[in-house]
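A.B. asks: Have a look at the structure that comes next, please.
Number of protein chains: 2
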Amino acid sequence: MVDTAIGLADREGLAAVTMRAVSRALGVVPMTLYTYVPGKAEMLDLMLDAVYIRTPRADTTGARWRTRLTAVADENRALFSAHPWAAEISTLRPPLGPGLMAKYEHELSALDGLGLSDVEMDDCLTYLLSFVQANAREAHQAAAVATAGDDAQWWARVGPLLAQVLDERRYPLASRVGTAAGEAHGSAHDPDHAYRFGLARVLDGLASLIERAEPGSPGRQLSADGTG
Amino acid sequence: MVDTAIGLADREGLAAVTMRAVSRALGVVPMTLYTYVPGKAEMLDLMLDAVYIRTPRADTTGARWRTRLTAVADENRALFSAHPWAAEISTLRPPLGPGLMAKYEHELSALDGLGLSDVEMDDCLTYLLSFVQANAREAHQAAAVATAGDDAQWWARVGPLLAQVLDERRYPLASRVGTAAGEAHGSAHDPDHAYRFGLARVLDGLASLIERAEPGSPGRQLSADGTG
DNA sequence: GATGTATGTTGTACATCGTACAGAGTTGTC
DNA sequence: GACAACTCTGTACGATGTACAACATACATC
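If you read the sequences in order, they're chains P and L.
Letter 2 of the first sequence, counting from 1, is numbered -17 in the working numbering, and no numbers are missing.
Letter 179 of the second sequence, counting from 1, is numbered 160 in the working numbering, and no numbers are missing.
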């Protein structure tokens, strides 16, 4: 049942994952699903944990920390690329299943031995994953928009309206920078570029914390937060 | 109509914003709304642009760039704090209204004169705003979860299950770090802490780009992306 | 003043959703 | 063979977004 739902979500998007659709794919009446699951939310949790379990995880022991964290980010990006719906499901009060635990353990190991405190390790990982998820969400939305309305067609429709609002006198910076960014990326938003740019920023930001700590030390357990 | 919808969303959440609820608050039948708006999506766009317009924006001309960008981040955080639903609305193909334009112009000005190219300015702003929005979404979800299920009660229910899955032998890092983080924040996730920590990382990450450029220069227009 | 047209409003109706509830099979154990 | 536990089914309810046709009112034109 979870596999069926995942397949459905991969092919037709999260909105297509209805109890009726899943049950139909299983050749069963909708209410049957409620024998195995209390409600739809729990089914989504199970879907998420299932894809977590199957994520391939590269062993980067011994590599530089930037390489290791890049691998973690890329793994998550690949996951969201294969299952875009995963980025849309609520992550707070996460599905504490075996998949999430294995994922958490593996990703923490990329931050181990860098001289960070336990809390800092969690902070850094949360920060990194939050960036990847936000980017994945943007990418997914950008793709959905692109397929929906031909993009060029949308720009043609919105262009005049934009010119009207985008008074160059009142908004000189916005018009100049907006135009430059749009032309550089060939569209309103380029998630691939945003990922490369953002990941570089994330790593640089973490560097100011990590490279202040001594590698190999047991960690500065007393650091309350990493704000300096 | 937009004001009514905003009030409804502020008080009862985005899920409570139904065409029927808005129309009822206006003392009118649901279909009347469709005279002014083609569909619900457009109404949400108008709501977003309306709160953008009303956002107070501090003039930080002359201050250090970290101060200016912190102000931008805090303004957005305040907006999402006052209108949590704003963080949940699709932002791709954004509502190109006067509110968004004014916001964009103002926020770009905080990045002006730092020697960044136009594209880099957009990249940096996008990166910063994406962080704030992701954090706001987490905070909103955390709050919703807290009110829903007493938190302590939830931990009591999930604790045993967690201990079972969280085999310390198999997942030593996860159990140690997870426990430390949970105890430090008093719960599973602390969005306030994540904001302070994350903003510091964001600024450090941007510093590696900004402080490489010469302040006051017209910008390195040829830099394709900021990945170094 | 009468009339045609735009504009705002209403009621009814439909398809879709999650799921509550009561009952009908099927299976395994004593 | 009888009972209990599970699994499965059909029907039904209240929500949602919105299509469609009919109605009211206001204003421009003759």
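All C-beta atoms in this analysis are idealised placements derived from N, C-alpha and C, irrespective of residue type, glycine included.
Assign P:A91 to buried or exposed, taking buried as 16 or more other Cβ atoms, counted over all protein chains shown, within 10 Å of its Cβ.
C.D. replies: Looking up residue 91 of chain P in the first sequence gives position 110. Looking at its Cβ environment, which holds 16 or more other Cβ atoms inside 10 Å, P:A91 is buried.
A.B. asks: Looking only at its chain, what residues have a beta carbon closer than 6 Å to the beta carbon of P:P65, apart from the 5 residues adjacent to it on each side?
C.D. replies: Numbered from 1 along the first sequence, position 84 holds the residue referred to as residue 65 of chain P. Contacts found: H121.
A.B. asks: Expressed to the nearest angstrom, what Euclidean distance is found between the alpha-carbon atoms of P:D(-9) and P:A67?
C.D. replies: As a first step, residue -9 of chain P must be located in the first sequence, where it is residue number 10. As a first step, residue 67 of chain P must be located in the first sequence, where it is residue number 86. Roughly 9 Å separates the two Cα atoms.
A.B. asks: Is P:D103 helix, strand or coil by DSSP?
C.D. replies: Here the question's residue 103 of chain P lines up with position 122 in the first sequence. Helix at P:D103.
A.B. asks: Is any beta-carbon of chain L found at less than 9 Å from that of P:G186?
C.D. replies: To locate residue 186 of chain P, count along the first sequence from 1; it is residue 205. Interface residue, yes.
A.B. asks: Determine the direct distance from the alpha carbon of P:Q114 to that of P:L(-11), and round the result to whole angstroms.
C.D. replies: Counting from 1 along the first sequence, the entry for residue -11 of chain P is found at position 8. Counting from 1 along the first sequence, the entry for residue 114 of chain P is found at position 133. Approximately 21 Å, taken between the alpha carbons.
A.B. asks: Excluding the 5 residues flanking L:F112 on each side, which residues of the same chain have their C-beta closer than 8 Å to its C-beta?
C.D. replies: Residue 112 of chain L sits at position 131 when you count from the first residue of the second sequence. Closer than 8 Å at Cβ, skipping near neighbours: A54, G179, L180, V183.
A.B. asks: Contact criterion: CB-CB distance below 9 Å. Does P:E56 meet it with respect to chain L?
C.D. replies: By one-based count along the first sequence, residue 56 of chain P stands at place 75. By this cut-off, P:E56 is not an interface position.
A.B. asks: Starting from P:A31, follow the alpha helix (DSSP H) in both directions and report where the run begins and ends.
C.D. replies: Here residue 31 of chain P refers to the residue found at position 50 when the first sequence is read from its first residue. Here the alpha helix (DSSP H) through P:A31 covers 21 to 35.
A.B. asks: Determine the chain L residues that contact P:V3 at a beta-carbon separation under 8 Å, and present them in chain order.
C.D. replies: Working through the first sequence from its first residue, we reach residue 3 of chain P at position 22. Neighbours of P:V3 on chain L: none; closest Cβ ~22 Å, over 8 Å.
A.B. asks: Between L:I34 and L:A(-14), is the Cβ-Cβ spacing less than 9 Å?
C.D. replies: Against the second sequence, residue 34 of chain L aligns to sequence position 53. Against the second sequence, residue -14 of chain L aligns to sequence position 5. Contact flag unset, no.
A.B. asks: So, for L:A(-3): in the same chain, excluding its five sequence neighbours on each side, which residues have a beta-carbon less than 8 Å away from its beta-carbon?
C.D. replies: As a position in the second sequence, residue -3 of chain L is number 16, starting the count at 1. Answer for L:A(-3): L(-11), A(-10), listed in chain order.
A.B. asks: Going by beta carbon distance, what residues of the same chain come within less than 6 Å of P:A210, once the five residues before and after it are set aside?
C.D. replies: Outside the shown range of chain P (-18 to 209) lies residue 210 of chain P, about which nothing can therefore be said.
A.B. asks: So is P:Y15 in contact with chain L if we call contact Cβ pairs under 9 Å?
C.D. replies: The count along the first sequence starts at 1 and reaches residue 15 of chain P at position 34. No, P:Y15 does not count as interfacial toward chain L.
A.B. asks: With 9 Å as the threshold, decide whether the Cβ of P:E119 is near any Cβ in chain L.
C.D. replies: As a position in the first sequence, residue 119 of chain P is number 138, starting the count at 1. It does; some Cβ of chain L falls within 9 Å.
A.B. asks: How is P:D230 classed by DSSP in three states: helix, strand or coil?
C.D. replies: For chain P, the structure presents residues -18 to 209; residue 230 of chain P sits outside this window and is missing.
A.B. asks: Hey, how far is the Cα of P:G210 from the Cα of P:P153?
C.D. replies: Beyond the ends of chain P as shown, which are -18 and 209, falls residue 210 of chain P; an answer cannot be given.
A.B. asks: Is the region 44 to 54 of chain L close to the region 1 to 18 of chain L, with three or more CB pairs under 8 Å?
C.D. replies: Result no; under three Cβ-Cβ pairs closer than 8 Å.
A.B. asks: Can you find the residues in the same chain that come closer than 8 Å, C-beta to C-beta, to L:A39, ignoring five residues on each side of it along the sequence?
C.D. replies: Taking the second sequence and counting its residues from 1, one reaches residue 39 of chain L at position 58. Closer than 8 Å at Cβ, skipping near neighbours: A52, E56.
A.B. asks: Please list, in chain order, the chain L residues whose beta carbon lies closer than 7 Å to that of P:S189.
C.D. replies: Counting from 1 along the first sequence, the entry for residue 189 of chain P is found at position 208. Result: D185.
A.B. asks: So, L:D30 versus L:G80, is the Cβ gap smaller than 9 Å?
C.D. replies: Counted from its first residue, the second sequence places residue 30 of chain L at position 49. Counted from its first residue, the second sequence places residue 80 of chain L at position 99. A contact, by the Cβ cut-off of 9 Å.
A.B. asks: State the CB to CB distance for the pair P:R58 and P:Y176, rounded to an integer number of angstroms; the pair is presumed to be in contact (CB under 8 Å).
C.D. replies: Reading the first sequence from its first residue, position 77 is the one you call residue 58 of chain P. Reading the first sequence from its first residue, position 195 is the one you call residue 176 of chain P. Right, the Cβ-Cβ distance comes to about 7 Å (below 8 Å), so this counts as a contact.
A.B. asks: Taking C-alpha atoms, which residue in P:M12, P:V100, P:E119, P:V(-17) lies nearest to P:L25?
C.D. replies: Position 44 of the first sequence, counting from 1, holds the residue named residue 25 of chain P. It is P:V(-17).
A.B. asks: Name the chain P residues that come within less than 7 Å of L:G179, Cβ to Cβ?
C.D. replies: For this step, residue 179 of chain L is matched to residue 198 along the second sequence. Ordered by position in chain P, the residues that pass the 7 Å Cβ test against L:G179 are Y108.
A.B. asks: Alpha helix (DSSP H) containing L:G179: first to last residue?
C.D. replies: Against the second sequence, residue 179 of chain L aligns to sequence position 198. Segment 172 to 191, the alpha helix (DSSP H) holding L:G179.
A.B. asks: Given that a residue counts as buried once 16 or more other Cβ atoms are within 10 Å of its Cβ, and exposed if not, what is L:P37?
C.D. replies: Position 56 of the second sequence holds residue 37 of chain L. Counting Cβ neighbours within 10 Å, L:P37 comes out exposed, since fewer than 16 surround it.
A.B. asks: Note down the Cα distance separating L:R193 from L:D173, rounded to an integer number of angstroms.
C.D. replies: Indexing the second sequence from 1 puts residue 193 of chain L at position 212. Indexing the second sequence from 1 puts residue 173 of chain L at position 192. If you take the alpha carbons of L:R193 and L:D173, they lie about 30 Å apart.
A.B. asks: How about L:R151: is its C-beta nearer than 9 Å to some C-beta of chain P?
C.D. replies: Position 170 of the second sequence, counted from the start, is the residue given in the question as residue 151 of chain L. Yes, L:R151 counts as interfacial toward chain P.
A.B. asks: Quick test of your reading: L:A155 and P:E86, contact by CB under 8 Å. State the CB separation rounded to the nearest angstrom.
C.D. replies: Looking up residue 155 of chain L in the second sequence gives position 174. Looking up residue 86 of chain P in the first sequence gives position 105. Contact holds; Cβ gap of about 4 Å.
A.B. asks: For chain L, is any of its Cβ atoms less than 9 Å away from the one on P:E23?
C.D. replies: Locating residue 23 of chain P in the first sequence gives position 42, where the first residue counts as 1. With 9 Å as the cut-off, P:E23 does not count as an interface residue toward chain L.
A.B. asks: Can you tell me whether L:G186 is buried or exposed? The criterion is at least 16 other CB atoms within 10 Å of its CB, across all chains shown.
C.D. replies: By 1-based counting over the second sequence, the position of residue 186 of chain L is 205. Its Cβ being crowded by 16 or more others within 10 Å, L:G186 is buried.
A.B. asks: So the alpha helix (DSSP H) L:S90 belongs to, where does it begin and stop?
C.D. replies: Along the second sequence, read from residue 1 onward, the residue named residue 90 of chain L stands at position 109. Element bounds for L:S90: 79 to 90.
A.B. asks: Here's the rule I'm using: 16 or more other beta-carbon atoms within 10 Å means buried, otherwise exposed. How should L:E164 be labelled?
C.D. replies: For this step, residue 164 of chain L is matched to residue 183 along the second sequence. Exposed.
A.B. asks: Taking DSSP as the reference, what is the three-state secondary structure of L:D132?
C.D. replies: Here residue 132 of chain L refers to the residue found at position 151 when the second sequence is read from its first residue. Confidence at L:D132 is low in this model, with a pLDDT of 49, below 50, so its placement is unreliable and the value that follows should be read with caution. Of the three classes helix, strand and coil, the one that applies to L:D132 here is coil, per DSSP.
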